[in-house]
Amino acid sequence: MRNLLDFDFDSTHIWHPYTSMTHSLPVFGVHSAKGCELELVDGRRLVDGTSSWWACVHGYGHPEIIGAMEKQLHQLSHVMFGGITHAPAIELCKKLIAMTCEPLTKVFLCDSGSIAVEVAIKMALQYWQGQPQDKAQKQRILTVKKGYHGDTFAAMSVCDPEGGMHTMFGETVTKQCFADAPRTRFGEALHPDDLAQMRGILSEQHSDIAAVIIEPIMQGAGGMRFYSPEYLLGLRKLCDEFNVLLILDEIATGFGRTGKLFAYEHANITPDILCLGKALTGGYISLAATLCTDKVAQGISQSPAGVFMHGPTFMGNPLACAAACASLDLINRNEWQAQVVAIEQQMRLELKDAIDLPSVKDVRVLGAVGVLEMHEPVNTAELQQQFVDLGVWVRPFANLIYIMPPYIITPMQLSQLTGAMKQVAARITLADDIAPTQATASFISHG
13 MRNLLDFDFD STHIWHPYTS MTHSLPVFGV HSAKGCELEL VDGRRLVDGT SSWWACVHGY
73 GHPEIIGAME KQLHQLSHVM FGGITHAPAI ELCKKLIAMT CEPLTKVFLC DSGSIAVEVA
133 IKMALQYWQG QPQDKAQKQR ILTVKKGYHG DTFAAMSVCD PEGGMHTMFG ETVTKQCFAD
193 APRTRFGEAL HPDDLAQMRG ILSEQHSDIA AVIIEPIMQG AGGMRFYSPE YLLGLRKLCD
253 EFNVLLILDE IATGFGRTGK LFAYEHANIT PDILCLGKAL TGGYISLAAT LCTDKVAQGI
313 SQSPAGVFMH GPTFMGNPLA CAAACASLDL INRNEWQAQV VAIEQQMRLE LKDAIDLPSV
373 KDVRVLGAVG VLEMHEPVNT AELQQQFVDL GVWVRPFANL IYIMPPYIIT PMQLSQLTGA
433 MKQVAARITL ADDIAPTQAT ASFISHG
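Per my numbering, residue 13 is the first one in the sequence shown, and the count goes up by one each step.
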């Protein structure tokens, strides 16, 4: 018989993400998960619309990933990566190099997405330390507003400095350079002035800037904003023109989420440094990776340290590498392509009339991402309960109700999600000063 959870202990002693220990938000106890469903301790089943924060693209309980992990667990569950290597790490890095764009030939295995960004920033800074003429100057990172790159300190420094989650650390984190977020939406012709501010900053400060970091095509936790591939292409050209590195944070977008294997493929560009995570292991265990070019690796080796100065305890964990290899094998079968196309088409069809709801400001869909942007911020706890009552797991934030479901979701399950999104949005009442006529819709194809 299923054991009930000790919710009192949980609320008193266990810190959940982005919560208060004195005013805790309600949590829902999960007993098990299979496919696209979470089973609560009280027996209710919820269709998962979040892929557990965008990671579980293959669903829960996939026999191939579980089998790979079980086999590895009995053989070698963990060993330090300093001075030691092992087959799962070698196999994984071979797969990553084969899957990503040609210039990326060096792989650093990380513990999490935030650490992958930390590593990328350290790579960029240490690369310029190996270039004598620029050693003293190139120590800052340029990025765009409304971005999100993680919760550790270097990652926080390149998150949105005004409306982001880390403004309380503004006086502590390193001061970086920020341009306005891209304005041109995906599928639209690039606005003539969209890159003007970025060009101006690079023109004036390129001698101080080590790299530009950006989430390609989709700004995730900063607002679920989809922007033009032409912007990304123009940014790559600016980085080349002003001799700065380009870091692409594909932790959320990588492995098919936007309709391409990697979002940078929409713009046909290649980065100097690439961050991957989340779906890398299919969400079964934490692992991320930072890839770079030979040029970057050589520059780091020429720096005063002579080596790259990073080495976490659980780097290259064999169990995580085995899970990632199995996950990438599933990706390499290319079933995700048809799955994401079907998800996108169904969401476009079923969410389009949500634009008529007074509370909805914008509707947008790209690949396996569906977003209802509301006129006002929502009450996450209140809406969370409403979604659970409707039999789905959808976790709104800020003024967004969104879904990023597992690729294996069935049409019936997806309809349950989109129906719940519209039903909950329909219950939201507008403040008197909000004009519903401002609403727009964006039904985007991954093209």
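Note that CB positions come from ideal geometry on N, CA and C, so glycine has one too.
Under the three-state reduction of DSSP output, Q231 falls in the strand class.
Nearest Cα to G142 within the set Q357, A309, R360, D365: A309. Distance between L258 and P144, taken at the CA atoms: about 20 Å.
For E362, same chain residues with a beta-carbon under 6 Å away, outside a window of 5 residues either side, are T430 in chain order. With a cut-off of 8 Å on Cβ pairs, the stretch 227-235 is not in contact with the stretch 343-361, counting fewer than three such pairs. Pairing P324 with A128, the inter-Cα distance amounts to about 11 Å. Boundaries of the alpha helix (DSSP H) harbouring K134: 125-141, taken from the DSSP string. The beta carbon of Q428 sits closer than 7 Å to those of V59, G403, V404, all from its chain and outside the five residues before and after it, given in chain order.
Sequence-distant Cβ neighbours of Y243 in its own chain, meaning closer than 7 Å and more than five residues away, are P194, T196, L202, D206, L207. Within its own chain, the residues whose Cβ lies closer than 8 Å to the Cβ of T392, once the five positions on either side in sequence are excluded, are L37, R407, P408, F409, listed in chain order. Rounded to the nearest whole angstrom, the C-alpha separation of M236 and I26 is 29 Å. Y243 sits in a helix when the DSSP states are folded into three classes. According to the DSSP assignment, K118 belongs to the beta strand (DSSP E) that extends over 116-122. With contact defined as three or more Cβ pairs closer than 8 Å, the stretch 351-362 and the stretch 267-278 are in contact. Membership of V59 in the beta strand (DSSP E) is indicated by the continuous run 57-60. Proximity to K158 across C68, C171, R56, V436 peaks at C171, based on C-alpha coordinates. In this structure, DSSP gives G431 a helical state, which the three-state scheme calls helix.
Excluding the 5 residues flanking it on each side, C113 has same chain C-beta neighbours closer than 6 Å at T282, in chain order. Between the alpha carbons of A132 and C337 lies a distance of about 22 Å.
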